[in-house]
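Residues 2 to 102, numbered by my numbering, are exactly what the sequence shown covers, in order. Ideal Cβ positions, reconstructed from N, Cα and C, are used throughout, including at glycine.
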Amino acid sequence: MYICMYPQCIYVFYGTDNSNSSTILLYKLGRQHSNRQKRLLSHLLNRCLWPAITIILFFFLFLVSFFLSLFFAHWFSTFLDFFYGFNTLVSIFYSILFLFS
């Protein structure tokens, strides 16, 4: 539920209906709005609020994916460091074994 201040009125957005348009069920102090006010608020939603909400959601999705990729890159580099270190130890062991054989 959104509460939006519009010229001298408080509009409460209860959500959209099941159609593809952004027809909003609007009430002002228990009284239904006129069609002109509904069209105006639907226009406000279509032109201002939904694009802003979409941009904010995509930004947060980008942040989450970015930090997850950093986490997995750190984990993978740690794994590679361990693997290369293990290979180095094995090669040292085999070189020592070769020297004493």
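Item to check | Through-space distance from SER78 to ILE56, alpha-carbon basis | outcome: The count along the sequence shown starts at 1 and reaches residue 56 at position 55. The count along the sequence shown starts at 1 and reaches residue 78 at position 77. Using only the alpha carbons, I get a separation of about 32 Å.
Next on the checklist: Suppose you measure from the CA of GLN38 to the CA of LEU50; what does that come to, to the nearest Å?
Outcome noted: Within the sequence shown, the letter at position 37 stands for residue 38. Within the sequence shown, the letter at position 49 stands for residue 50. Approximately 16 Å between the Cα atoms of the pair.
Checklist entry - Can you tell me the Cα-Cα spacing of TYR95 and PHE73, whole angstroms? => result Start at 1 with the first residue of the sequence shown, and residue 95 comes out as number 94. Start at 1 with the first residue of the sequence shown, and residue 73 comes out as number 72. Cα to Cα, TYR95 sits roughly 33 Å from PHE73.
Item to check | Span of the alpha helix (DSSP H) around LEU41 | outcome: On the sequence shown, residue 41 is found 40 positions in, with the first residue counted as 1. That run of the alpha helix (DSSP H) goes 36–45.
Checklist entry - Exposed or buried, which one is LEU46 when buried takes at least 16 other CB atoms within 10 Å? => result Walking along the sequence shown from the start, residue 46 turns up at place 45. Its Cβ being crowded by 16 or more others within 10 Å, LEU46 is buried.
Next on the checklist: Suppose you measure from the CA of VAL65 to the CA of ASP82; what does that come to, to the nearest Å?
Outcome noted: Residue 65 sits at position 64 when you count from the first residue of the sequence shown. Residue 82 sits at position 81 when you count from the first residue of the sequence shown. Looking at the two C-alpha atoms, the distance is approximately 26 Å.
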